[in-house]
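There are 2 protein chains.
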Amino acid sequence: MARIVMKFGGTSMAGIERIRTVAGLVKSEVEAGNEVAVVVSAMAGETDRLVNFCREASALYDPREYDVVVSSGEQITSGLLAITLQSMGVPARSWLGWQLPIKTSDAHASARIEDIDTTALNAALADGEVAVIPGFQGVGTGERVSTLGRGGSDTSAVAMAAAMKADRCDIYTDVDGVYTTDPRIVPRARKLSKVTYEEMLELASVGAKVLQTRSVGLAMKEKVRVRVLSSFDTDMRDESGHRGTLIVGDEEIEESAMERQLITGIAYDKNEAQITLTRVPDKPGTVAGIFRPLAEASINVDMIVQNVAKDKGETDVTFTVPKAELARAQDALEQAREAIGYHRLLTKTDICKVSVVGVGMRSHAGVAAAMFDALAERKINILAITTSEIKVSVLIEEDYTELAVRVLHTAYGLDAEDAAA
Amino acid sequence: MARIVMKFGGTSMAGIERIRTVAGLVKSEVEAGNEVAVVVSAMAGETDRLVNFCREASALYDPREYDVVVSSGEQITSGLLAITLQSMGVPARSWLGWQLPIKTSDAHASARIEDIDTTALNAALADGEVAVIPGFQGVGTGERVSTLGRGGSDTSAVAMAAAMKADRCDIYTDVDGVYTTDPRIVPRARKLSKVTYEEMLELASVGAKVLQTRSVGLAMKEKVRVRVLSSFDTDMRDESGHRGTLIVGDEEIEESAMERQLITGIAYDKNEAQITLTRVPDKPGTVAGIFRPLAEASINVDMIVQNVAKDKGETDVTFTVPKAELARAQDALEQAREAIGYHRLLTKTDICKVSVVGVGMRSHAGVAAAMFDALAERKINILAITTSEIKVSVLIEEDYTELAVRVLHTAYGLDAEDAAA
């Protein structure tokens, strides 16, 4: 007998027919003798509908009232899944965030889970009852309803698995796992049986939108074994007979080092914009003067390139920010124009960040060099470079995205032997 | 300064534009120096949508989970109204049923309010904050979400007014008050400035669907002054300058006895069906034998006519039941066929119950006779008759409904001098 958390996203909960499919998957786990808690998202589109109501009511809505409104989407699906499970003969009940309770911080609309009381939950599981828990919600000080921010249901599931000391947290979604790259670009992309938390963090944050980054960080911290798999193609297995992708610690991957690739996957991200400040004084403190106003506006700066100094002690500074924050970044820099002393502010949005990720590169040199060679061979110009212990990223012209991803997927030997359907 | 409860129905809450209108009405009361609690319904159509989800999930849904699902409609509108009020500079917060709490019985999906804790509410009102309260919901044993049954928001508002010792409970709806009869049938129908609780109970239960019957009964018991008025035509006033219709105790009406009419209003109800059992043995106990199985199936029998005995000690028994329960009533009677010993079971659904209602008839004889005369003059056949202290009802062929209502409205002197627009 295992204790597991199953989490279902919005597309899996979109309508009673799909909820019945979900209930069937839950029933299978119960019949296999497992203790099961299920964490559910709102029906696809429902949270957007509710968020829009709040925005329409007031652009400056009270986040505490916003939480009352938007948390109802998961409340609805929790009750409906409990009813559906019961109708299949599986004892079940819903537990709202305030009922367990799931205690959170008071940062309404983006709260953090602080404590989950599992007393009632454990009693229910011991009685053979499935616990259905709305994701995304909790309760803050003064028993006010709170939510975790968009995509928070993955985090709810991992936190629940940690609190319950679950053997596994299965995240059901509309893809059957994590791939070596986007299969829409590379049909020969392979599903990965296992990735490490760190790899998943890098893959998720650079565009492989399978799991919310925050939930992967929490899983790593709490050592929760997470599996990503499809709620639609429930028979889909890889060559080794595994379903989905398991996300685990380094140590588990090392055990099967034989299979280990140097590079685990190729990710890309079109959500960055490039800013160049021209003719910035080339003296100590200038770079700090640029990034301080951005930090104060809570804008994340990613890739930074400081060009070699030109004549007259001046240089150009180039960096990237999320596209969604470009306007705010421009504002902040315009206001600091005199303090920084730059000549012009240039922006560029038709760019893409392509990254190769893999824990294997820790013990191997030459990964970056191989990347630059492969791109150079296809005449793909590199605008900027960043590296971490398990990742090398390059910034390129957006038009070259697909070509670059395909070239790198082949160069690192990731192509499957047979093309996927 | 007065303390008032304002209640808004589904059409008043259908979308942000209408919620803004509602917020404007609330703001006016606050600016007039009143302490205000607002009770809201779900957006029009939302509860139906949620109920259908539950039914689709399982015809035999768990009412506790149904309550979790359907209570979310009012949760949404509560948060949205609080946001809208704040955006107009009116301090406000939502209080969900479990937060106050509003304690109810455990009859999920049709719970009764048992106790409302007003401690937190009173503190909020004293702070000048508007309390926005979702109607229809409460919390039962074990902190499980409960609902009061369809139309329960009127009951929530009256219960809240009683618990808060409010000076008035204003029920805003899509009509501007209670009329002497349906203005779609009689354009010269007049809006009533005041009716008694008992009259309202009779008018509501026979078809004037302005207020949920249960809420009127509660208002009578708790002596809550209820006013029904429109949230749309907010300038509409009657000849005496009153807005809406006030529903109060007998004693308040007596004070203005000069204006008092013999009959307050004419109601009609097309939701009944007639059952006739032919050739039933005419002996003691037979009638009990007919109505016992119906009572056991919780089917309300309304009008009963036992025909004069024919030959051979047999008679026909005719009575009415709600149309919605006709099939179940037939089932129950088929099963008791041998015990009762009837010959045939005949049903008729094209019938209508027309009633004249008024506390004035207590002290006047001849009301029923005037009714029969007026109907006979127009050759309208009476199938059955029932009377109470303040009501006379007749059952007629459905086709004659409008004619009968008009004839009676004129006969009792209820027509306005000028036709309504």
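Heads up: the protein sequence lines correspond to chains E and Y, in order. The numbering used here applies: residue 1 is where the first sequence begins, and numbers increase by one. The numbering used here applies: residue 1 is where the second sequence begins, and numbers increase by one. From the three backbone atoms N, C-alpha and C, an ideal C-beta is built for every residue, glycine too.
{"query": "Assuming contact is defined by CB atoms lying nearer than 8 Å, are S71/E and F8/E in contact in what I supplied?", "result": "no"}
{"query": "Compute the distance between the beta-carbons of D176/Y and S230/Y, then report whether it is under 8 Å.", "result": "yes"}
{"query": "Residues bridged to D167/Y by DSSP?", "result": "DSSP output for D167/Y lists no bridge partner at all."}
{"query": "Under DSSP, the beta strand (DSSP E) around P187/Y begins and ends at which residues?", "result": "No beta strand (DSSP E) contains P187/Y, which DSSP labels as neither H nor E."}
{"query": "What is the rounded straight-line gap between the Cα of R378/Y and the Cα of D399/Y?", "result": "13 Å"}
{"query": "Verify whether the separation of the beta carbon atoms of T349/Y and K323/Y is less than 8 Å.", "result": "yes"}
{"query": "What residues of chain Y sit near D117/E, judged by a beta carbon separation below 9 Å?", "result": "What D117/E touches in chain Y: nothing, since even the nearest Cβ is about 13 Å away."}
{"query": "Counting only beta-carbon atoms, is A44/E nearer than 8 Å to chain Y?", "result": "no"}
{"query": "If E252/Y sits next to V321/Y, beta carbons under 8 Å apart, how far is it from one beta carbon to the other, in whole angstroms?", "result": "Not quite, the Cβ-Cβ distance comes to about 36 Å (not below 8 Å), so this is no contact."}
{"query": "I need the boundaries of the alpha helix (DSSP H) containing D331/E, first residue and last residue.", "result": "L326 to Q335"}
{"query": "Give a yes or no on whether the minimum CB-CB distance between I16/Y and chain E is below 8 Å.", "result": "yes"}
{"query": "Taking all protein chains shown into account, decide if R144/E is buried (16 or more other Cβ within 10 angstroms of its Cβ) or exposed.", "result": "buried"}
{"query": "Just to confirm, is the Cβ distance from T47/E to G79/E under 8 Å?", "result": "no"}
{"query": "Can you check whether the C-beta of A57/Y is within less than 8 Å of a C-beta belonging to chain E?", "result": "yes"}
{"query": "Alpha helix (DSSP H) containing M371/Y: first to last residue?", "result": "V367 to E377"}
{"query": "Can you list the residues of chain E that Q75/Y reaches, using a CB-CB cut of under 9 Å?", "result": "V68, V69, S71, S72, Q75 and V145"}
{"query": "Any idea if K165/Y is buried or exposed, counting beta-carbon neighbours within 10 angstroms, 16 or more meaning buried?", "result": "exposed"}
{"query": "According to DSSP, which residues form a beta bridge with S94/Y?", "result": "V132/Y"}
{"query": "Whose CA, out of F232/E, A204/E, L246/E and L203/E, lies closest to the CA of K223/E?", "result": "L246/E"}
{"query": "Using a Cβ-Cβ distance under 8 Å, would M258/E count as near chain Y?", "result": "Note that M258/E scores a pLDDT of 47, beneath 50, so its modelled location is shaky; the value from the coordinates is reported in the next line. No, M258/E lies away from the interface with chain Y (no Cβ there is under 8 Å from its Cβ)."}
{"query": "Consult DSSP for Y61/Y and reduce its assignment to one of helix, strand or coil.", "result": "coil"}
{"query": "Between F8/Y and chain B, is there a C-beta pair that is closer than 8 Å?", "result": "Although the question refers to chain B, the structure presented lacks it and instead comprises the protein chains E and Y."}
{"query": "Given V248/Y, which residues of its chain have a CB within under 7 Å of its CB, disregarding the five upstream and five downstream residues?", "result": "K194, T196 and R225"}
{"query": "Could you check which residue in A42/Y, I266/Y, L85/Y and T118/Y has the C-alpha nearest to that of R190/Y?", "result": "I266/Y"}
{"query": "Roughly how many whole angstroms lie between the Cα atoms of T213/E and L294/E?", "result": "22 Å"}
{"query": "With DSSP collapsed to three states, give me the class of V5/E.", "result": "strand"}
{"query": "Name the two residues that bound the continuous alpha helix (DSSP H) containing R214/E.", "result": "T213 to E222"}
{"query": "Who are the Cβ neighbours of H409/Y in its own chain at under 8 Å, not counting the five residues just before and after it?", "result": "T180, T181, V186, R188, A189, I266 and D415"}
{"query": "Measuring CA to CA, which of V317/E, E296/E and G313/E is closest to V305/E?", "result": "V317/E"}
{"query": "For G89/E, go through chain Y and note every residue whose CB falls closer than 9 Å to its CB, in chain order.", "result": "Under the 9 Å cutoff, chain Y gives no residues; its nearest Cβ is about 11 Å from G89/E."}
{"query": "Could you name the residues that DSSP lists as bridge partners for I299/E?", "result": "For I299/E, which the question treats as bridged, DSSP gives no partner whatsoever."}
{"query": "Reducing DSSP to helix, strand and coil, say where Y400/E ends up.", "result": "helix"}
{"query": "Look up E35/E in the DSSP assignment and give the residues it is bridged to.", "result": "R3/E"}
{"query": "Give me the DSSP bridge partner(s) of E389/E.", "result": "DSSP lists no partner for E389/E."}
{"query": "Determine the extent of the alpha helix (DSSP H) in which Y197/Y is found, giving its start and end residues.", "result": "Y197 to S205"}
{"query": "What is the rounded straight-line gap between the Cα of L211/Y and the Cα of A204/Y?", "result": "7 Å"}
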